[in-house]
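Residue numbers (this note's numbering), protein chains in the order written: chain F, 1 to 74; chain W, 1 to 289. Every residue, glycine too, gets a C-beta built ideally from N, C-alpha and C. One structure is given here, and the rest of the page talks about it.
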Amino acid sequence: MQGNVSALAAGLAMLGAIGPGIGLGIGFSKAMEALGRNPEASGTLFVPYILGLALTEAVAIYCLVVALILIFVG
Amino acid sequence: MPDAGGGLIHVSIQAEVLFSIGGFEVTNSMVGAVIASLILLAAAWYVHGHSSIVPGRLQSFVELPIEWMADIVAGSSSRWRSYVALVVGLFLMILVANWLGLVPGVGTIGLVHEGEALTPFVRPAAADLNFTLGLSIVAFIVFVWWGVRVHGLAGYLKEIAGEPRYMAPLMFPIHLISELSRLISLSMRLFGNVFAGEVLMTTMLALTTAALAVLPLAFFVPGIFLVLELLFGLVQAMVFALLAMTYITLAIAEHTAGDHDGEREKGTANEPDLQAPGASRPSSTSAPA
Numbered sequence: 001m002q003g004n005v006s007a008l009a010a011g012l013a014m015l016g017a018i019g020p021g022i023g024l025g026i027g028f029s030k031a032m033e034a035l036g037r038n039p040e041a042s043g044t045l046f047v048p049y050i051l052g053l054a055l056t057e058a059v060a061i062y063c064l065v066v067a068l069i070l071i072f073v074g
Numbered sequence: 001m002p003d004a005g006g007g008l009i010h011v012s013i014q015a016e017v018l019f020s021i022g023g024f025e026v027t028n029s030m031v032g033a034v035i036a037s038l039i040l041l042a043a044a045w046y047v048h049g050h051s052s053i054v055p056g057r058l059q060s061f062v063e064l065p066i067e068w069m070a071d072i073v074a075g076s077s078s079r080w081r082s083y084v085a086l087v088v089g090l091f092l093m094i095l096v097a098n099w100l101g102l103v104p105g106v107g108t109i110g111l112v113h114e115g116e117a118l119t120p121f122v123r124p125a126a127a128d129l130n131f132t133l134g135l136s137i138v139a140f141i142v143f144v145w146w147g148v149r150v151h152g153l154a155g156y157l158k159e160i161a162g163e164p165r166y167m168a169p170l171m172f173p174i175h176l177i178s179e180l181s182r183l184i185s186l187s188m189r190l191f192g193n194v195f196a197g198e199v200l201m202t203t204m205l206a207l208t209t210a211a212l213a214v215l216p217l218a219f220f221v222p223g224i225f226l227v228l229e230l231l232f233g234l235v236q237a238m239v240f241a242l243l244a245m246t247y248i249t250l251a252i253a254e255h256t257a258g259d260h261d262g263e264r265e266k267g268t269a270n271e272p273d274l275q276a277p278g279a280s281r282p283s284s285t286s287a288p289a
């Protein structure tokens, strides 16, 4: 029973990935918009873009970690 | 260690112990890390011995990621020479360790004990929290050390305490936690991505081989995710190295003459960063095209 509940809880914890998903989409679309307006800026955009996506994605990774803890430890 | 789901998929969150030498347990992720290091050492040793002014194919192949990463690091601050080796080293180590996990046989060839699931001989090193935490601790020590070296211990503590001095009792713990959370997020990001990638691959293979009717899918569905994992392996190695670089650059950046001046100083320090990759990019991208 407890295993089933923690599996459910892990699934619910992954709902937290919705926010970062939206955020990543917005970030990517804005980067593409900027690139469309100014194609020479690709080199300038690259590092801040990757870092921004990585920092946004960290929130989803926290959800994943919580889910993993619920599955394997809880 | 408990299983994830039913009998279909076996996933272990911790690295499995292969054998122990006098109480020191050698796990399969250590084997993965050592193999990745050996690949890097062998490549470095061979290319160093056979290098020439006009690079051959192999030399260009080895130099390409190093030059590309070093170009980005060179733009981060004026003292880039002191940490370029660390950042490029982190990048190459994680890249090779990640891609090693995609080689056929890794994670599928191993020991089977009675009544237990398979214990693979090699596990991708970054799918073990110990490996990623180790790398993060190295990066953490380096960027704290740079902060102390540039500002002095008092200056570093002052920076952690924050700008309006009367807020220090509140801001000091918050800034301390935010420094420590970099350590956690660096290690957890890499571990989470690589481990989730492993689970994804296992799940896809298990789903497509579950019944005879879906068996034809097994020939190309895992392949799609394999390509995706190639991309993620590169991106995660890059993200780890670039974040380590950014934290070091932030630690070096001056904050002495007030917050506003500090911001401006940081802006000028970062300006070459915006130039260098842009300047090198057209030449590097147009060459293969």
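Original post:
Pairing CB atoms from the region 73-84 of chain W with CB atoms from the region 10-19 of chain W, are three or more of them under 8 Å?
Top reply: Result no; under three Cβ-Cβ pairs closer than 8 Å.
**OP:** Whole angstroms is fine: what's the gap from A345 (chain W)'s alpha carbon to M201 (chain W)'s?
**Re:** Beyond the ends of chain W as shown, which are 1 and 289, falls residue 345 (chain W); an answer cannot be given.
**OP:** Could you tell me whether any Cβ in chain W is nearer than 8 Å to the Cβ of V5 (chain F)?
**Re:** So, not an interface residue.
Original post:
If we count the other Cβ atoms within 10 Å of its Cβ and call it buried at 16 or more, is M245 (chain W) buried or exposed?
Top reply: By the neighbour-count rule (16 or more Cβ atoms within 10 Å), M245 (chain W) is buried.
Original post:
At a cut of 8 Å, does the region 228-244 of chain W reach the region 43-54 of chain F through at least three beta carbon pairs?
Top reply: They touch, by the three-pair rule.
**OP:** Along the beta strand (DSSP E) that carries G110 (chain W), what are the first and last residues, could you check?
**Re:** G110 (chain W) -> beta strand (DSSP E) spans G110 to V112.
Original post:
With burial defined as no fewer than 16 other Cβ atoms inside 10 Å of the residue's Cβ, what is the status of E25 (chain W): buried or exposed?
Top reply: By the neighbour-count definition (other C-beta atoms within 10 Å, threshold 16), E25 (chain W) is an exposed residue.
Subject >> Closer than 8 Å to chain W by CB, L51 (chain F) >> reply: Closer than 8 Å to the CB of L51 (chain F) there is at least one CB belonging to chain W.
Original post:
Is DSSP giving R264 (chain W) helix, strand or coil here?
Top reply: For R264 (chain W), the pLDDT reaches just 42, beneath the cut-off of 50, and the residue's location in the model is therefore unreliable, although a value from the coordinates is still provided. In this structure, R264 (chain W) counts as helix in the three-state DSSP scheme.
Subject >> Whole-angstrom distance between T249 (chain W) and A60 (chain F), CA atom to CA atom >> reply: The straight-line gap from Cα to Cα measures roughly 26 Å.
Original post:
Does any CB atom of chain W fall closer than 8 Å to the CB of L68 (chain F)?
Top reply: L68 (chain F) has a beta carbon lying within less than 8 Å of a beta carbon in chain W.
Subject >> Residues that DSSP places opposite E25 (chain W) in a beta bridge >> reply: E25 (chain W) is bridged to W:S20.
Original post:
Under 8 Å between C-beta atoms, does M238 (chain W) make it to chain F?
Top reply: Yes, its Cβ sits closer than 8 Å to a Cβ of chain F.
Original post:
Does the beta carbon of A54 (chain F) come closer than 8 Å to any beta carbon on chain W?
Top reply: Answer yes: the Cβ-Cβ gap between A54 (chain F) and chain W drops below 8 Å somewhere.
Original post:
Does the beta carbon of E263 (chain W) come closer than 8 Å to any beta carbon on chain F?
Top reply: Residue placement at E263 (chain W) is poorly supported in this model, since its pLDDT is 42, which falls under 50; the coordinates are not used for a value here.
Original post:
Would the beta-carbon of G3 (chain F) be found less than 7 Å away from any heavy atom of the ligand NAD?
Top reply: Questions concerning the ligand NAD fall outside what the structure shown contains, since it holds no ligand whatsoever.
Original post:
Do the region 87-99 of chain W and the region 55-72 of chain W touch if we need at least three Cβ pairs shorter than 8 Å?
Top reply: These segments touch.
Subject >> Straight-line gap, G192 (chain W) to L68 (chain F) (C-alpha atoms, nearest Å) >> reply: Approximately 9 Å, taken between the alpha carbons.
Original post:
So, is the C-beta of F28 (chain F) closer than 8 Å to a C-beta in chain W?
Top reply: Using a Cβ-Cβ cut-off of 8 Å, F28 (chain F) does not count as an interface residue toward chain W, since no Cβ of chain W sits closer than that to its own.
Original post:
Is the CB of I61 (chain F) under 8 Å away from at least one CB in chain W?
Top reply: By this cut-off, I61 (chain F) is an interface position.
Original post:
M188 (chain W) versus chain F: which residues are under 9 Å apart at the beta carbon?
Top reply: For the C-beta of M188 (chain W), the chain F residues within less than 9 Å are, from N- to C-terminus, A58, I61, Y62, L64 and V65.
Original post:
By how many angstroms is the C-alpha of A36 (chain W) removed from the C-alpha of A127 (chain W)?
Top reply: Approximately 13 Å, taken between the alpha carbons.
**OP:** Sort W:I174, W:Y83, W:R149 and W:R182 by Cα distance to T132 (chain W) and report the nearest one.
**Re:** Between T132 (chain W) and the set W:I174, W:Y83, W:R149 and W:R182, the nearest pair of CA atoms involves W:R182.
Original post:
Under a CB-based cut-off of 8 Å, is I72 (chain W) close to chain F?
Top reply: Against chain F, the CB of I72 (chain W) has a partner CB under 8 Å away; the residue lies at that interface.
**OP:** Specify the secondary structure class of P48 (chain F) as computed by DSSP and reduced to three states.
**Re:** The answer is helix: DSSP assigns P48 (chain F) an H, G or I state.
**OP:** Quick one: grab the DSSP three-state call for L102 (chain W).
**Re:** Reduced to three states, the DSSP call for L102 (chain W) is coil.
Subject >> Chain-ordered neighbours of L242 (chain W) on chain F, where CB pairs are closer than 9 Å >> reply: Within 9 Å Cβ-Cβ: V47, I50, L51 and A54.
Original post:
When the Cα atoms are used, what is the spatial distance from V227 (chain W) to L102 (chain W)?
Top reply: A direct Cα-Cα distance of roughly 9 Å separates V227 (chain W) from L102 (chain W).
**OP:** Report buried or exposed for S178 (chain W), applying the criterion of at least 16 other Cβ atoms within 10 angstroms of its Cβ.
**Re:** Per the 10 Å Cβ criterion, exposed.
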